[in-house]
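For reference, the structure discussed in these notes is given below.
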Amino acid sequence: MEPSLLTSFIGIIVFSALMTVGYKYANGKWNVSENKKNDYMIWVNKHGQTVKRSVVFLSIIYGLSMLIQIISLL
198 MEPSLLTSFI GIIVFSALMT VGYKYANGKW NVSENKKNDY MIWVNKHGQT VKRSVVFLSI
258 IYGLSMLIQI ISLL
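Numbering (the working numbering), first residue to last: 198 to 271.
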C-alpha cells in the first residue's frame, strides 16, 4: 500500500473516531455532573445550530477531499 494512501485511510479513521466521540458526548451517553450538564445545555441552546452546521460543512469538505485524494492515487 502506498504511503499517501495509508495516510488517507489513517486520516479517515481518526476523523471518524473524533466524530463518534463528539456524537456520544452530544447525546449524553457519558456521565457528567448536573452543573456541567446545565452549563452545556445553556451553551447548546445559544450556539448549537451554528456548531452543527459548521461540523456538517467541514465533514463534507473533509470527506470530499479524502475521496479525491484516494481516487487520484488509484
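Every residue, glycine too, gets a C-beta built ideally from N, C-alpha and C.
Proximity to residue i [Cα-Cα], best of the options
{"i": "residue 208", "options": "263, 270, 268", "result": "263"}
{"i": "residue 256", "options": "203, 201, 217, 202", "result": "217"}
Distance between residue j and residue i (C-alpha atoms, nearest Å)
{"i": "residue 251", "j": "residue 219", "result": "14 Å"}
{"i": "residue 240", "j": "residue 258", "result": "26 Å"}
{"i": "residue 253", "j": "residue 236", "result": "23 Å"}
{"i": "residue 260", "j": "residue 232", "result": "36 Å"}
Cβ separation of residue i and residue j, assumed to be a contact under 8 Å, to the nearest whole Å
{"i": "residue 201", "j": "residue 271", "result": "Actually they are not in contact, since the Cβ atoms of residue 201 and residue 271 sit about 11 Å apart, beyond 8 Å."}
Residue j beta carbon less than 7 Å from that of residue i
{"i": "residue 205", "j": "residue 265", "result": "no"}
Taking 8 Å as the cut-off, does the segment 236 to 254 touch the segment 200 to 213 (at least 3 CB pairs, one atom from each stretch)?
With a cut-off of 8 Å on Cβ pairs, the segment 200 to 213 is not in contact with the segment 236 to 254, counting fewer than three such pairs.
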